[in-house]
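Mapping of the sequence shown onto this note's numbering: residues 5 to 94, in sequence order. Here a beta-carbon is modelled for each residue, glycine too, at the ideal position from N, C-alpha and C. Here the structure is a predicted model, which is why all the values come from computation and not from measurement.
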Amino acid sequence: MVVGPMVDYDELGLSPELTGRFTAWQYRFDDRTPGDSFPTAEWESFTAEQRELANALHAEIGGVVQWEAGGVIHTVGADGNGVRLRKAKS
5 MVVGPMVDYD ELGLSPELTG RFTAWQYRFD DRTPGDSFPT AEWESFTAEQ RELANALHAE
65 IGGVVQWEAG GVIHTVGADG NGVRLRKAKS
């Protein structure tokens, strides 16, 4: 199982399409001005895409995919070892 706040895409063997989707999604977050919050509709879209990416990641690698959002750990899959993506401790 790979556990940690940062995992390189090449370590997971993801398809170029899924790697591109993750990269574009991360840029949506990184392009925000520090201190600015997402408008509610945009945040809902961003978190919906997060769930879609988790499902796509599970479809490609199997196993269990977990991620933290809003202080809650969410899980996709239950068919063995997989990837746990979690927020780094401050």
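Of all the options the options, which has the alpha carbon lying nearest to the alpha carbon of residue i?
| i | options | result |
| --- | --- | --- |
| TYR2 | ALA63, GLY75 and GLN54 | Only positions 5 to 94 of the chain appear in the structure, and residue 2 is not among them; the question remains open. |
| LEU22 | GLU56, ILE77 and GLY75 | GLU56 |
| ALA63 | VAL11, ASP12 and SER19 | SER19 |
| GLU15 | HIS78, GLY74, ALA73 and ILE65 | ILE65 |
Cβ atoms of residue j and residue i: under 7 angstroms apart, would you say?
| i | j | result |
| --- | --- | --- |
| ASN59 | VAL80 | yes |
| VAL3 | LEU61 | Any question about residue 3 goes unanswered here, given that the chain covers just 5 to 94. |
With 16 other CB atoms within 10 Å as the buried threshold, where does residue i fall?
| i | result |
| --- | --- |
| TRP71 | buried |
| VAL11 | exposed |
Reducing DSSP to helix, strand and coil, say where residue i ends up.
| i | result |
| --- | --- |
| MET5 | Because MET5 sits at a pLDDT of 49, beneath the cut-off of 50, its placement in the model cannot be relied upon, and the following sentence gives the value as read from the coordinates. If DSSP states are grouped into helix, strand and coil, MET5 belongs with coil. |
| GLY84 | Confidence is the limiting factor: at GLY84 the pLDDT is only 46, short of 50, which leaves the residue's position unreliable, though a coordinate-based value still follows. Here GLY84 sits in coil by DSSP. |
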